[in-house]
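*Asks:* Starting off with a structure, shown below.
In the working numbering, the protein residues as written are 4 to 109.
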């Protein structure tokens, strides 16, 4: 009987440790990119096709980055904006960026 009680105590301790480990993994999982939104568009109405794009990459807390690639005949420009809890704090978002972020969050 004593051996069984000891084994039950060890098993309970193992279960408690596994629960702590699972909680840690779950919290860390929210920090990885989980949601993606992509919008292709043409910034210049008179030339080209939808070669420009906005890519929204956010984690479980809706924190991440929006990357914009604007294609023109003279070259391609890249821009990045930080997103914190679903909002851009530092820079205003364009309509296309808002659309990509909304797509990622839905």
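Beta carbons are placed, not taken as given, at the ideal position from N, Cα and C, and that holds for glycine.
Treat the numbers as computed from the prediction; the structure is a model and nothing was measured.
1) Quick one: what's got a C-beta closer than 6 Å to residue 37's C-beta in the same chain, skipping five residues either side?
2) Nearest by alpha-carbon distance to residue 106: which of 18, 50, 33, 65 is it?
3) Comparing C-alpha positions only, which one of 46, 35, 29, 97 sits nearest to residue 75?
4) Does the structure place the region 86 to 93 close enough to the region 19 to 33 that three or more beta carbon pairs sit under 8 Å?
5) Which one of 52, 27, 40, 82 has the shortest CA to CA distance from residue 59?
6) Measuring alpha carbon to alpha carbon, tell me which residue in 23, 14, 72 is nearest residue 103.
7) Roughly how many angstroms separate the alpha carbons of residue 183 and residue 27, rounded to a whole number?
8) What span of residues does the beta strand (DSSP E) with residue 58 cover, start to end?
9) For the alpha helix (DSSP H) containing residue 108, list its first residue and its last residue.
*Replies:* Based on what the coordinates show:
1) These residues qualify, in order along the chain: 62, 63.
2) The option with the nearest alpha carbon to residue 106 is 65.
3) The shortest C-alpha separation from residue 75 is found at 46.
4) The answer is no - the region 86 to 93 does not touch the region 19 to 33, with fewer than three Cβ pairs under 8 Å.
5) Comparing Cα-Cα distances from residue 59 to each of 52, 27, 40, 82, the minimum goes to 40.
6) Selected option, being the one with the closest Cα: 72.
7) Here the chain has residues from 4 to 109 only, and residue 183 is not among them.
8) Element bounds for residue 58: 55 to 61.
9) First-last of the alpha helix (DSSP H) with residue 108: 98 to 108.
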